[in-house]
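A.B. asks: One structure is given below, represented as structure tokens, and several questions about it will come after.
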Amino acid sequence: MERRVTVEINETIDIVEEDFSTLQRQPDDETRRYPEEETCCGRAVWCHSKLRYIWIYNPISNCFTVPYNCVTWSSLSWLLTSLILVAVTYSTLYFLMSELMLPGGSLFGLFWLVVVAYALGWSLTYIPFLHIPPVFGMLLAGIIFRSSGFYKIHDHIPLKTTTKIRTFCVTFLMIRGGLQLTTTALRSQPLFLLMLGLLPSTFEIIIIGLCSRFILQYPWDWSFLAGTIMTGLSPVVTVNCILALAEKGYGEDKDLAGILSTATSIDSIHVISMFSICFTLVFSEDGKKNFWKYIPGGLRDVVVGLLVGVALGFIFGFLPHRNAKYVTFYRIAGLIIGSLMFTSGASMMTETGGGYLATMCMSFVASTIWKQLSGNPFNVRPFQKTLFFIWHFMQPVLLGVIGAEMDLTLWSSQRFGLHISCILLGLLIRGSTAILSTQGTDFTMKERIFVALAWLPKGSLQATLAPLALESAGQIDHPEIMFLATDIVRMSVVSILFLAPLGAIIMMVTGPILLNKIDEETQARRRELSFLQWSSLQPIRFQRKEIVQAEDDVDANEEINYNDDQDDDVINTRDDESDDKRERKQAIN
1 MERRVTVEIN ETIDIVEEDF STLQRQPDDE TRRYPEEETC CGRAVWCHSK
51 LRYIWIYNPI SNCFTVPYNC VTWSSLSWLL TSLILVAVTY STLYFLMSEL
101 MLPGGSLFGL FWLVVVAYAL GWSLTYIPFL HIPPVFGMLL AGIIFRSSGF
151 YKIHDHIPLK TTTKIRTFCV TFLMIRGGLQ LTTTALRSQP LFLLMLGLLP
201 STFEIIIIGL CSRFILQYPW DWSFLAGTIM TGLSPVVTVN CILALAEKGY
251 GEDKDLAGIL STATSIDSIH VISMFSICFT LVFSEDGKKN FWKYIPGGLR
301 DVVVGLLVGV ALGFIFGFLP HRNAKYVTFY RIAGLIIGSL MFTSGASMMT
351 ETGGGYLATM CMSFVASTIW KQLSGNPFNV RPFQKTLFFI WHFMQPVLLG
401 VIGAEMDLTL WSSQRFGLHI SCILLGLLIR GSTAILSTQG TDFTMKERIF
451 VALAWLPKGS LQATLAPLAL ESAGQIDHPE IMFLATDIVR MSVVSILFLA
501 PLGAIIMMVT GPILLNKIDE ETQARRRELS FLQWSSLQPI RFQRKEIVQA
551 EDDVDANEEI NYNDDQDDDV INTRDDESDD KRERKQAIN
């Protein structure tokens, strides 16, 4: 009788559990395997059953088959969210800015330029097999706005303001590059970084200068001014693509992302320094063209950028304290505000890119100190994710503005072939020099080819430097000078229009083919080893203290594990004794 009652109670409990589980999932076997977190609104019992159990990763229509099932219910949800955010943002800006956000206002066209650049950039990435990066669509949106006459950016926003917008956006890209650096790359290959940052751009300046002199018939000073403008690679395209590949694990076995990010900064500083010299030679007002007076300017900015970046990096490395409340948010705020101070101050005082170098140095030094003070493998992912989220919205602003500054009406079809010839010869020398610069390193031939391909994209520097020459030529108002400046802008337009999207596509397509991929565990281990190598730079007395502390920690952990094992043995012994007593009682009954 007692046994029957017990069985009935157990059966009743099983029935209740089964009935309760039916409230959580649909009885159909096909949808039962989908977790509730991956359904539309599985826990909302007040929703219709057909809506509740939609799997968000299912294609919307059956006409989408693998691998074309990219338009899912999740994509539709993301689209609706974006449209609502655009409407709310525009309404908020209208309430704050009033007439500026109406058609004809200075901010109306800029707002819709950013929105269309974001939409077109990410929409083209859904095209299968092409691997189109969002950079291409965002640049294309700006070009369409300018060419269609819908929005001429300089009619509403002055050139100085667009320059500040570009500086503001590129700052976040350089912070990401600094956080991607590891001490392994800097300690193992410092000479390679200098060679890769200086040699390809130097040879390309010489080749394009000679081509401009003998093919385009420029004067000597204008020839090398064109060489400095056309030489600079686009850190926006190169760093953005290499970081996107690094987040998937490609090239992380050789710290390729950190090396290329640092080398692009060195390349940009070198090119802008040479541009400052040539620009001063061409537009010298007093007729004195002693170039040696302007050479120390670039070196000065490099040294100042390094010193200031390292100094502020040390400050943010120790402040705030690592155990302070909300320390991660304060550290991120310090990196962003300090970097904006560097880049905005450098753009105000000089033409070189010392502010970008200071930004990368500050973020690298600060993150390295955080790793060292933490005592454990420090997780940089929260910082990288936060800055990636910010860059996700800064990218369409930057590339949309760059595309809107490209005036295709200045494109001369008669000299198009000559421009292409000069650009291709410069790229050939640049790529060959980049491959030779990697000679003697531990890179494979495939990785050396990828480095050369990563050195091809153009865009941001051409869009920044070419208008400066045209603006200065307009102030002189001389027909020959205006023709030369306009022709340089035409060649810059050709370079940006082809090499910015093609360079990004080539990097994203060839990256998985030419680079090795590592898993997340190996990547975290390499970060830990980078921290250990940085610790080896300390004086011996500090190393001994850390070694003794580490040995004490190991001994303490072993003692704890030994005590835990003893406790487990005692508990298991007691459980065995209780089981024996229970069996004796049952036998007596």
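Heads up: the sequence shown begins at 1 in our numbering, then just goes up one per residue.
We put the CB at the ideal spot given by N, CA and C, even for glycine.
Taking the CB atoms as reference points, tell me whether arginine 430 and serine 374 lie closer together than 8 Å.
C.D. replies: no
A.B. asks: With 16 as the cutoff for other CB atoms within 10 Å, does proline 594 come out buried or exposed?
C.D. replies: Summary: the structure shown does not reach residue 594, with the chain confined to residues 1 through 589, and so no result is reported for it.
A.B. asks: Would you mind giving the Cβ-Cβ distance between methionine 101 and tyrosine 90, rounded to the nearest angstrom? I have them listed as a contact below 8 Å.
C.D. replies: Yes, they are in contact, since the Cβ atoms of methionine 101 and tyrosine 90 sit about 7 Å apart, within 8 Å.
A.B. asks: Using only alpha-carbon positions, find the residue among Ala466, Pro512, Pro457 and Ala469 that is nearest to leucine 233.
C.D. replies: Pro457
A.B. asks: With a cut-off of 8 Å, do at least 3 Cβ pairs link the segment 140–151 to the segment 416–435?
C.D. replies: Inter-segment contact for the segment 140–151 and the segment 416–435 is absent: fewer than three beta-carbon pairs are separated by less than 8 Å.
A.B. asks: Flag this pair as yes or no: are the beta carbons of leucine 453 and tyrosine 250 separated by less than 8 Å?
C.D. replies: In this structure, the beta-carbon distance from leucine 453 to tyrosine 250 does not fall below 8 Å.
A.B. asks: Within the same chain, show all residues whose beta-carbon is closer than 7 Å to that of tryptophan 220, passing over the 5 residues directly before and after it, in chain order.
C.D. replies: Arg213
A.B. asks: Comparing alpha-carbon positions, which option in Phe108, Ile84, Leu85 and Leu113 lies nearest alanine 404?
C.D. replies: Leu113 is the residue among Phe108, Ile84, Leu85 and Leu113 whose C-alpha sits nearest the C-alpha of alanine 404.
A.B. asks: Quick check on this structure: which residue in Gln414, Arg331 and Ile420 has the alpha carbon closest to the alpha carbon of phenylalanine 383?
C.D. replies: Arg331
A.B. asks: Since asparagine 240 is in the alpha helix (DSSP H), which residue starts that stretch and which ends it?
C.D. replies: 235–247
A.B. asks: Quick check: the segment 157–165 against the segment 363–373, are there 3 or more CB pairs under 8 Å?
C.D. replies: no
A.B. asks: Would you be able to state if there are at least three C-beta pairs under 8 Å between the segment 241–261 and the segment 478–491?
C.D. replies: Using a C-beta cut-off of 8 Å, the segment 478–491 makes no contact with the segment 241–261, since fewer than three inter-stretch Cβ pairs fall below that distance.
A.B. asks: Rounded to whole angstroms, what's the CA-CA distance from cysteine 211 to arginine 415? Just pull it up for me.
C.D. replies: 13 Å
A.B. asks: Among Thr359, Met394, Leu107 and Phe393, which residue has its Cα nearest to the Cα of isoleucine 266?
C.D. replies: Thr359
A.B. asks: With a threshold of 8 Å between beta carbons, is glycine 149 in contact with chain C?
C.D. replies: No chain C appears in this structure, which consists of one protein chain only.
A.B. asks: How far does the alpha helix (DSSP H) with tryptophan 455 in it extend, from its first residue to its last?
C.D. replies: That residue, tryptophan 455, is in no alpha helix (DSSP H); it is neither H nor E in DSSP.
A.B. asks: Among the residues of its own chain, which have a CB less than 6 Å from the CB of alanine 473, if the five just before and after it don't count?
C.D. replies: Result list for alanine 473: Ile481, Met482 and Ala485, in chain order.
A.B. asks: I'd like the span of the alpha helix (DSSP H) that includes leucine 140, first residue to last.
C.D. replies: 134–147
A.B. asks: Applying the 10 Å Cβ sphere with the 16-neighbour rule, what's the burial state of lysine 254?
C.D. replies: buried
A.B. asks: In terms of alpha-carbon separation, which member of Lys152, Ser75 and Asp155 lies closest to tyrosine 126?
C.D. replies: Looking at Lys152, Ser75 and Asp155, the one whose alpha-carbon comes closest to that of tyrosine 126 is Ser75.
A.B. asks: Can you list, in chain order, the residues of its chain with a C-beta nearer than 7 Å to that of serine 440? Leave out the 5 residues immediately preceding and following it.
C.D. replies: Strictly speaking, residue 440 in this sequence is glycine, with serine absent from that position. So no residue of the chain qualifies.
A.B. asks: For tyrosine 250, write down the residues that DSSP places opposite it in a beta bridge.
C.D. replies: Lys517
A.B. asks: Quick one: give me the first and last residue of the alpha helix (DSSP H) that aspartate 221 is part of.
C.D. replies: 220–231
A.B. asks: Taking valine 401 as part of the alpha helix (DSSP H), name the residues at either end of that continuous run.
C.D. replies: 381–404
A.B. asks: With H, G and I counted as helix, E and B as strand and the rest as coil, what does DSSP make of threonine 72?
C.D. replies: strand
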